[in-house]
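Undergrad: Going by our numbering, 244 is the number at position 243 of the sequence shown; the sequence numbering is gapless.
Take this structure, written in structure tokens, and hold onto it; I'll ask about it next.
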Amino acid sequence: MTRDSQWSQALPFIIASSCYFIGMGVAITLPAAKHEYNNDNCGTVFENAKVDHIIPVRTPMLDDDQSLMEPLLVKPALKYMYQTIFSQYPTIEMDSSTDSPPHKLQRKRNVGCALSAIVGLQVLTAGAFGIMSPIISIVMTEYFARLHRDGSLIDCGANPHDEACTVGSRQAAWLSSIFSAVGCVGNLILAPMLGQASDVYGRKPFLVLSQVVRVATPFSVMYFMEPGGSITPYFMLRLIDSGFGTAGVMSAAIADVVAPEDRTAAFGVLFASLSVGYCISAFIAPFFSREHILQIAGGLFIMRVLWAFFILPETLPIRSRMSKARWVMENPVSSMAILFRNQLFMRLTCLIALTSFVMNGVFQIQSFFLNTIVGFNVKDFGNLMLLGGVLALLGQVLLLKPLVACVREKGVLVIALIASMMGTCGFVVIAYYPRKWLVYAMSIPGCISDLSFPAISALKSINVSEQVRFIFIDD
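As structure tokens, this is what we get:
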């Protein structure tokens, strides 16, 4: 590989590192959050600090050790993780001092059933995405490599450094980034509208529709993998997937059934379920062929639709819905204008936009980079995702609590951005020195960088009024 090509491969990560450096400057200027506990002694607060959030895994990276793929080692780790999570969270139930004990018990059961249904849907969602992740960048690269070779088949998993695979990887990464960016703009416009509409028509119709519009995704991958297939349907579905985001509606569904004092625990369980689903699917993916992976993914996507339609309850009662006669669709631009009313809102908005922009961009190109430059295959991607998911969960369970107790959310955010910058700088080094062990080493700062999202969320929830919080919810 020539020095010019190495520079071109490293340039996106150099830009990402610069953006994280700017984000650090913005984070330093944020006010510190107020807490009910003090942090005069980090050692004593370690056991009493409250965990604010546990977040879904975004881009896991990790170890090539075969022992990590053994169920006997993975399952105890997940079991320990769940025990730790649930031991830190209070029982989730609606509090009502006027209810009789039977009514309280029935309400607790209703909340548990609703939350279990939502968590189950999230596990299926993460599993369906996670099982396809190890192969999707490779099959997309092979599609464009076939076009470069006038239809001749090539295995870019086994021959990642072939010229056709290199050209195909660049084209796939470019188009994937373009469609993702357009979809994110669409999500920016649609998210406030979906939130308002769900207040009128309920949460379930939009959550069901979200699963229906995505159900054809694995089948579109099967189609363009065929010699005469086209990738256009897949990109159209990717555009819909990015634009029709319902994370805000899902969060509103949680808020409908869970008391305010217990919502942190509920969101923690919800986000942890994403990581668990992602890790499990990453674990099983390397044991199957591409065709079987897509068949399993197709089954999971269909299960998502059935689960949302038949099992997921409607969490917003009719009596609590906004009247259709009184409902006026607000301009999404006007809805977002509230974020720029003072310096705190503006800084939080800029920080969320900057970190999300960089993370999404790195996520879009990273798998193509690892396949073409480092030579990752399906097994490597599976191991990377599995270890990344486990480390991310352990980082949030074991590191977030003492860090918040000692340096507060602002300090956690700065540390997370430093770790993010270290990770992208590490990929700059990998562009010139492509070794797998370096990629696995980047998982360590990677699990720390994931703490930026709970830190931002905590700063937002402490400093921002209830009226504004829904706008900050990002898909």
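Ideal Cβ positions, reconstructed from N, Cα and C, are used throughout, including at glycine.
Could you name the residues of the same chain whose beta carbon sits closer than 8 Å to that of residue 27, not counting the 5 residues immediately before and after it, in chain order?
TA: Cβ neighbours of residue 27 beyond the five flanking positions: 348, 351, 352, 355.
Undergrad: What number of angstroms, rounded off, separates the C-alpha of residue 227 from the C-alpha of residue 240?
TA: Cα-Cα distance, rounded: 22 Å.
Undergrad: Give, in chain order, every unbroken run of the alpha helix (DSSP H) that is at least 4 residues long and sits entirely within the stretch 204-257.
TA: Counting whole runs of 4 or more residues, the stretch 204-257 contains the alpha helix (DSSP H) stretches 205-213, 218-226, 233-244.
Undergrad: Taking residue 165 as part of the alpha helix (DSSP H), name the residues at either end of that continuous run.
TA: Note, residue 165: alpha helix (DSSP H), 164-202.
Undergrad: Does residue 433 come out as helix, strand or coil in the three-state DSSP assignment?
TA: Three-state result, residue 433: helix.
Undergrad: Please tell me whether residue 161 and residue 372 are closer than 7 Å, where the distance is taken between their beta carbons.
TA: Yes; because the gap between Cβ atoms is below 7 Å, this pair is in contact.
Undergrad: Three or more C-beta pairs closer than 8 Å, one from the stretch 243-257 and one from the stretch 282-293: is that the case here?
TA: Result no; under three Cβ-Cβ pairs closer than 8 Å.
Undergrad: If you reduce the DSSP assignment to three classes, tell me which class residue 322 lands in.
TA: Residue 322: coil per DSSP, three-state reduction.
Undergrad: What residue range is occupied by the uninterrupted alpha helix (DSSP H) comprising residue 375?
TA: From DSSP, residue 375 is part of no alpha helix (DSSP H); its letter is neither H nor E.
Undergrad: Take the Cβ of residue 263 as the centre, count every other Cβ of all protein chains shown within 10 Å, and call the residue buried at 16 or more, exposed below.
TA: Residue 263 is buried by the Cβ-count criterion.
Undergrad: Starting from residue 398, trace the alpha helix (DSSP H) both ways and give me its first and last residue.
TA: Segment: none, residue 398 is in no alpha helix (DSSP H) and carries neither H nor E.
Undergrad: Does the separation of the CB atoms of residue 397 and residue 275 fall below 7 Å?
TA: Going by C-beta atoms, residue 397 is not nearer than 7 Å to residue 275.
Undergrad: Name the residue from 435, 412, 425, 12 whose alpha carbon lies nearest to the alpha carbon of residue 452.
TA: Of 435, 412, 425, 12, the residue nearest in Cα terms is 412.
Undergrad: In this structure, does DSSP put residue 273 in helix, strand or coil?
TA: Three-state result, residue 273: helix.
Undergrad: Using only the alpha-carbon positions, how far apart do residue 146 and residue 164 sit?
TA: For residue 146 and residue 164, the distance between alpha carbons rounds to 8 Å.
Undergrad: Figure out for me which residue from 142, 15, 432, 273 has the closest Cα to the Cα of residue 232.
TA: Comparing Cα positions, the closest option is 142.
Undergrad: Confirm, please, whether the CB-CB distance from residue 180 to residue 236 is below 7 Å.
TA: Against a cut-off of 7 Å, the Cβ pair of residue 180 and residue 236 comes out as a contact.
Undergrad: What number of angstroms, rounded off, separates the C-alpha of residue 116 from the C-alpha of residue 188?
TA: Approximately 25 Å, taken between the alpha carbons.
Undergrad: Near residue 450, which residues of its chain fall below 7 Å by C-beta distance, leaving aside the five closest residues on each side in sequence?
TA: The residues are 417, 420, 421, 424.
Undergrad: Pull up the distance between the alpha-carbon of residue 156 and that of residue 272, whole angstroms please.
TA: Answer to the nearest angstrom: the Cα atoms are 36 Å apart.
Undergrad: Starting from the C-beta of residue 230, find all residues in its chain whose C-beta is less than 6 Å away, skip the five residues before and the five after it, and write them out in chain order.
TA: The answer, listed in chain order, is 224.
Undergrad: Per the contact definition of three or more C-beta pairs closer than 8 Å, is the stretch 302-313 in contact with the stretch 195-209?
TA: A contact exists between the stretch 195-209 and the stretch 302-313.
Undergrad: From residue 407 to residue 400, what distance separates their C-alpha atoms?
TA: Between residue 407 and residue 400, the C-alpha separation is close to 11 Å.
Undergrad: Flag this pair as yes or no: are the beta carbons of residue 134 and residue 365 separated by less than 7 Å?
TA: Result no, Cβ atoms of residue 134 and residue 365 do not sit closer than 7 Å.
Undergrad: With DSSP run on the structure shown, which of helix, strand or coil describes residue 456?
TA: Three-state result, residue 456: helix.
Undergrad: Let's test the definition: count the other Cβ atoms within 10 Å of the Cβ of residue 300 and tell me whether it reaches 16, buried, or not, exposed.
TA: When all chains shown are included, residue 300 counts as exposed.
Undergrad: Is the Cβ-Cβ distance between residue 448 and residue 388 less than 7 Å?
TA: No, the pair does not count as a contact, with Cβ atoms beyond the cut-off.
Undergrad: Using the three-state DSSP reduction, which class does residue 143 fall into: helix, strand or coil?
TA: Reduced to three states, the DSSP call for residue 143 is helix.
Undergrad: What residue does the alpha helix (DSSP H) around residue 450 start on, and which one ends it?
TA: Its alpha helix (DSSP H) spans residues 444-450.
Undergrad: Taking the alpha helix (DSSP H) that residue 312 belongs to, which residues open and close that run?
TA: First-last for residue 312: undefined, no H or E at that position.
Undergrad: Do residue 174 and residue 369 count as a contact pair if the criterion is CB distance below 7 Å?
TA: Yes, the Cβ-Cβ distance between residue 369 and residue 174 is below 7 Å.
Undergrad: In terms of alpha-carbon separation, which member of 260, 270, 363 lies closest to residue 15?
TA: Comparing Cα-Cα distances from residue 15 to each of 260, 270, 363, the minimum goes to 363.
Undergrad: In this structure, how does DSSP classify residue 41 when only helix, strand and coil are distinguished?
TA: Confidence in residue 41 is poor, its pLDDT being 48 and thus under 50, which makes the residue's placement unreliable; the coordinate value appears in the next sentence. If DSSP states are grouped into helix, strand and coil, residue 41 belongs with coil.
Undergrad: Over what stretch of residues does the alpha helix (DSSP H) that includes residue 306 continue unbroken?
TA: First-last of the alpha helix (DSSP H) with residue 306: 291-307.
Undergrad: What does a CB cutoff of less than 6 Å around residue 323 pick up in its chain, not counting 5 residues either side in sequence?
TA: Cβ neighbours of residue 323 beyond the five flanking positions: 200, 201.
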